[in-house]
Amino acid sequence: MSKKAIILALPGLGDALMATPLIRAVAQKLGYETDLLVAQKGTFGVMETNPHPQKILFFDFVREGKVKSLKFLLSLRKKYDISFTTYPAFPREYHWVAMAIGAKRRIGHRFSSGYISHFHFIYTDKVEAQQDIHNVYNNMNLLKPLGYDIEPGPMEAFLTEEDRDLGAKFLKGNDLKEGEYIFFHNGSSLIKPNSEKKRLPSSTVDALMRMFLEAGIQVVYNAGPDEWYIPDISGLVILRGQKIRTVGAIIESSALVVSNDSGPMHYAVSLGKKVVAIFGNTDPQKAYPWMAKSEVITSDWDCAPCYVDYAQRFFPCYHPEFSPDMESFPCMMAFEPKQIFDATMKLLEDL
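Next comes the structure, spelled out in C-alpha cells:
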C-alpha cells in the first residue's frame, strides 16, 4: 500500500508554482498518493489542472474564519503519512495547518527565528531554510530527510482546450494574433503591507507603453483585481475580469512577458514563456525566472534588495528618500523606461 502525502502550498500563486517541481517529484519519483492543499482562489484556479496530485483541495482560511477552518482541518486529520509545508512558509498560521492535519511525519523549514513564536517546532523533520538559493531548491530540499536528493526540473502549469479557446476568443475580439504581442503585468497582491509599492510608477508605465506602441509592438496590459492604475493610451489592449487560466492562455500565446516580480511572472515561466523580469526591493536570487529564457532587470542601489528575509511580514524600505505616501519604492521609480524597452527588444530579437 502506497504512502499518502499532502503538500501544503499555502502562500501565493508564485510561491505555489515554485513548488511544482516538488509536487511532481513527490507524486512521480517517490510514488506517493499525493494531495495538494492551497489557500488562495487564484492559486487554485491555476493548480487545479495539475495532473500530479490525486486531489487538489482549496480552502480560504481567511474568509471562512476560525471555526470553519478548524472543522475543515479536522476532516483531514490523521489521513496522511507525511506532509510537506512548502517554502516560504514563515508565519505561524501555516504551521497550525500542518499541526492540525497531524500527518505522522511532518516536514517543514527551520528559519533563523520564529522556532517557538511561529510554531516551527511542530515538524518531525526540519530542513534549514537557505537564504542564498532559489525557492525551488528550498522546496526540493524537503525531500532530503527522506533520503532523496533530486535535481529539480522546470516549473509547470497546465491549460485545457477550453482555456485556450477562451484565450483565442479574446485575441480575435481585440485583433491580436498569436506570437505578435507582448503581455505586460505590473501588479502585486496586497497580502502584505507595502505590496503595492513593488510596482513600477505610473509615469514609467505610461512612457514604456508608448515606446512599445510607437515601435509597432502590440501590448496586452494585464489589469488584475487589485490594480488601481490602468493607462489610458490609444492602441493598448486592456485585459481584466478574465478567469486566471484564460489569462494563462493569453500569456501562452504572447511573444514574451514583461513583468515585475509577481505571481503572473512565475505563471509565465511555468507556461514556458520568455520573460523580462523586474526586481527592485525583492531578491532575484530567490525568485528569478526559473530555467527560463529571460532578461532580469535589477536595481543597482546599495540598499536593494531589501526584502531578503521571509520573516519580514511587510515590504520594508530603508532608502532615505522613501516616504509612505510614495506610489512606488524608490528603487522601482529609478528604473528607466528605455532600460526595460531595450531588454524587451533584446529578447524579442531572439525569437
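Everything in the sequence shown is counted per the numbering used here, starting at 54 for the first residue and increasing by one. Here a beta-carbon is modelled for each residue, glycine too, at the ideal position from N, C-alpha and C. Given the structure is predicted, the values throughout are model-derived calculations rather than measurements.
Segment contact: the segment 252-263 against the segment 220-228, fewer than three CB-CB distances shorter than 8 angstroms; contact not assigned. With distances taken between CA atoms, tryptophan 354 lies nearest to Asp336 out of Asp362, Asp336, Phe367, Tyr363. Take methionine 264, set aside five residues on each side of it, and the residues of its chain with a beta-carbon closer than 8 angstroms to its own are Pro390, Lys391, Phe394, in chain order. C-alpha of arginine 252 to C-alpha of serine 55: approximately 46 angstroms in a straight line.
It is roughly 32 angstroms from the alpha-carbon of leucine 324 to the alpha-carbon of serine 122.
Where isoleucine 135 is concerned, the enclosing beta strand (DSSP E) starts and stops at 135-138.
Residue pairing of aspartate 88 in beta bridges, as defined by DSSP: Ile59, Lys108. The continuous beta strand (DSSP E) containing histidine 238 extends over residues 234-238. The continuous beta strand (DSSP E) containing arginine 158 extends over residues 158-163. Taking the Cα positions, proline 141 is about 11 angstroms away from glycine 67.
Isoleucine 291 and valine 273 have their C-alpha atoms spaced approximately 6 angstroms apart. Secondary structure of aspartate 279 (DSSP, three-state): coil.
Burial is judged here by how many other beta carbons sit within 10 angstroms of a residue's own beta carbon; serine 312 has at least 16 and is buried. Note on the segment 306-341: whole alpha helix (DSSP H) runs with a minimum of 4 residues are 316-323, 337-340, in chain order. Counted as a single uninterrupted DSSP element, the stretch harbouring leucine 83 is not any alpha helix (DSSP H), since DSSP gives it neither H nor E.
With respect to the 9 angstroms criterion, leucine 129 and isoleucine 235 are not classified as neighbours on the basis of their beta carbons. When DSSP assignments are scanned along the segment 247-300, the uninterrupted stretches of beta strand (DSSP E) that are 3 or more residues long and fall wholly within it turn out to be 271-275, 290-292.
Excluding its 5 nearest sequence neighbours in each direction, tryptophan 149 has C-beta neighbours in its own chain below 7 angstroms: Phe172, listed in chain order. Remark: C-beta atoms of phenylalanine 164 and asparagine 247 do not approach each other more closely than 9 angstroms.
Taking glycine 161 as the centre and dropping the five residues before and after it, the same chain places the C-beta of Thr138, Tyr176 closer than 6 angstroms to its C-beta, in chain order. For serine 347, there is no enclosing alpha helix (DSSP H); the enclosing beta strand (DSSP E) covers residues 347-351. Under DSSP, the beta-bridge partners assigned to aspartate 178 are Ile160. One Cα belongs to glutamine 183, the other to glutamate 86, and the distance between them is close to 28 angstroms. Sequence-distant partners of cysteine 356 (beyond 5 residues in either direction) whose C-beta falls short of 7 angstroms from its own C-beta, in its chain, are Tyr371, His372.
If you look at glutamate 101, you'll find it isn't in any alpha helix (DSSP H); DSSP assigns it neither H nor E.
Relative to aspartate 113, the option among Asn103, Pro106, Gly98, His105 whose CA is nearest is Gly98. For histidine 238, the closest of Pro254, Gly232, Lys245 by C-alpha to C-alpha distance is Pro254. The residues Ile160, Pro198, in chain order, have a CB closer than 6 angstroms to that of aspartate 178 in the same chain once the five nearest residues on each side in sequence are set aside. Rounded to the nearest angstrom, the gap between the Cα atoms of tyrosine 341 and alanine 330 is 8 angstroms.
Isoleucine 244 and leucine 266 have their C-alpha atoms spaced approximately 33 angstroms apart. For phenylalanine 125, the CB contacts under 7 angstroms within the same chain, skipping 5 residues up- and downstream, are Phe112 in chain order. Using a Cβ distance threshold of 9 angstroms, proline 207 and tryptophan 343 count as a contacting pair. At a Cβ-Cβ threshold of 9 angstroms, serine 352 and methionine 385 count as neighbours.
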